[in-house]
DNA sequence: TAAGCAATTTACTCGTCAGTATATAAATGA
DNA sequence: TCATTTATATACTGACGAGTAAATTGCTTA
């Protein structure tokens, strides 16, 4: 460690000289900026219809800069879906250890799920088909999604076991629920009037409560 | 009419000389064959990842032949989604004049809807985002889909009016239902064991009946 | 029989875009 | 002070793929 600890600067006068840690953070920030710009364009125009030249231009940089931070176009997409999948994974994990009946926990998880699917990276997950990735990428992607699907099925099974959920086909129910809550990735307009939380809550009410009027 | 009526041939010995009507039908058949080959590849690999050379090769013909029957690549896609939308439109129209409560009619329609979305052209409708079409194409496509969405909303509203459906937000409910039933276009495997009718029926039960166990 | 039309091919053009080679300038460190 | 690393740019290559030009063959019709 040949480096002397820097004298702490007053926090309101940021030095133009960056420490090693700061530079690592700078780099991260730039990476993230590239990913956010990319995911927005992927969502708006589709992966194949978006060139990395476009993405670079939208940030006022050049294409090789993107290649400097992220190896290639597929890598950009993979990082985007990873960022979309991560909060889903966390929500799924959290749902396991929560109190309440299976139905209660399922409903909480589904509201999370719906909201994440209306955010930039979540939308990208839904819109990314296997067509876009290499064989290896597809395998990883599917494995990650499967993890979440399995958690969802687990919650449904729990609910059936404790009597809070009707005895349905678990796999089919999981597909049906996720389909309903994935679809906003296609139609939801972030500029819309209705808050995301409300949309999520209403959709979950519809699919768990059912449309038929209860006597 | 300078043409003499042909002597009727025995039906088990088809003549190699085609009449005018036969030639028109031949042409139609070839068009359809191109569209069917194209839609399969679009569904399997995505629109952008499918070249018309690929489609032609899969039929043992050359690319200009496709251009002979269909003006350009967008036209191919438009014809595919048209063929997917048409049965949906018919089902929506038929649902209006059927007997039963709003809920009954809705459920019947939804089962149709789900099944169509598991067929080649129906899947293509679901998987075709606005990204793929020109401005004009997008407008037409959206208008057609809107027609079906409106029919769906109408059925839900009818059910609410006659008391068979709970008083939900109609627009959101329509999006939720269609989302759930669109999703099989992504995951359903036509070679799967479970018959399409059964999948459709189960999914419709889940979304109309709701997951929560009824006391 | 000649003109025209329908169906189909081979062999192109042209644009786009992922990815790369190379240069440069600044900061870091020996 | 000199070598190395980091960040960035300009300018290229190479592939792919939509769409077209032009030739061919055979049938239809004046």
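Residue numbers (my numbering), protein chains in the order written: chain S, 1099 to 1313; chain G, 1099 to 1313.
Every residue gets a Cβ at the ideal spot worked out from N, C-alpha and C, and that includes glycine.
Quantities reported herein were computed from a predicted structural model and do not represent experimental measurements.
Exercise for the section: Starting from the C-beta of residue 1241(G), find all residues in its chain whose C-beta is less than 8 Å away, skip the five residues before and the five after it, and write them out in chain order. Expected result: none
Problem - Meets three-Cβ-pair contact criterion under 8 Å: the region 1198-1216 of chain G and the region 1292-1307 of chain G - result: Touching, per the Cβ criterion.
Practice task
For chain G, find out if any of its Cβ atoms is closer than 8 Å to the Cβ of residue 1274(S); answer yes or no.
Solution key: yes
Exercise for the section: Check whether the Cβ of residue 1201(S) lies closer than 8 Å to any Cβ atom in chain G. Expected result: yes
Problem - Cβ shell of residue 1256(S) (< 6 Å), same chain only, five flanking positions each side left out - result: 1200.
Exercise for the section: Indicate whether at least one CB of chain G lies closer than 8 Å to the CB of residue 1182(S). Expected result: Residue 1182(S) does not count as touching chain G.
Exercise for the section: May I ask you to list, following chain order, the residues of the region 1279-1301 of chain S that have a beta carbon less than 8 Å from some beta carbon of chain G? Expected result: 1279, 1280, 1281, 1282, 1284, 1285, 1297, 1300 and 1301
Practice task
Kindly indicate the opening and closing residues of the alpha helix (DSSP H) around residue 1263(S).
Solution key: Residue 1263(S) -> no alpha helix (DSSP H), and no H or E assigned at all.
Handout entry: Euclidean distance between Cα positions of residue 1099(G) and residue 1227(G)
Key = The predicted model places residue 1099(G) with a pLDDT of 35, which falls under 50 and marks its position as unreliable; any figure quoted below should be read in that light. One C-alpha to the other measures close to 48 Å.
Problem - Short-range partners of chain G found in the region 1227-1259 of chain S, where Cβ spacing is below 7 Å - result: Going along the region 1227-1259 of chain S in chain order, one finds 1227 and 1229 with a Cβ nearer than 7 Å to chain G.
Problem - Cα-Cα separation, residue 1377(S) to residue 1287(S) - result: No statement about residue 1377(S) is possible, as the shown extent of chain S runs from 1099 to 1313 and does not include it.
Practice task
Would you identify the three-state DSSP class for residue 1310(G), choosing helix, strand or coil?
Solution key: strand
Problem - residue 1195(G) - containing alpha helix (DSSP H), residue span - result: No residue range can be given for residue 1195(G), since it is assigned to no alpha helix (DSSP H) and is classified by DSSP as neither H nor E.
Handout entry: Bounding residues of the alpha helix (DSSP H) (the contiguous stretch that carries residue 1219(S))
Key = 1218-1225
Problem - Under 8 Å between C-beta atoms of residue 1218(S) and residue 1132(S) - result: No, these two residues do not count as a Cβ contact at 8 Å.
Problem - DSSP state of residue 1248(S) mapped onto helix, strand, coil - result: helix
Exercise for the section: Name the two residues that bound the continuous alpha helix (DSSP H) containing residue 1168(S). Expected result: In the DSSP annotation of this structure, residue 1168(S) is not part of any alpha helix (DSSP H), being labelled neither H nor E.
Exercise for the section: State buried or exposed for residue 1303(G), treating a residue as buried only when at least 16 other CB atoms are found within 10 Å of its CB. Expected result: buried
Practice task
Please confirm if the region 1231-1241 of chain G is in contact with the region 1186-1196 of chain G, defined as three or more CB-CB distances below 8 Å between the two stretches.
Solution key: Cβ pair count under 8 Å is below three, so no.
Problem - Rounded separation between residue 1144(S) and residue 1147(G) - CA only - result: Taking the straight line from one Cα to the other gives about 12 Å.
Problem - Endpoints, the alpha helix (DSSP H) within which residue 1049(S) is located - result: It is not possible to answer for residue 1049(S), since the shown part of chain S is limited to 1099 through 1313.
Exercise for the section: Output yes or no for whether 8 Å exceeds the beta carbon distance between residue 1275(S) and residue 1250(S). Expected result: Less than 8 Å separates the beta-carbon of residue 1275(S) from that of residue 1250(S).
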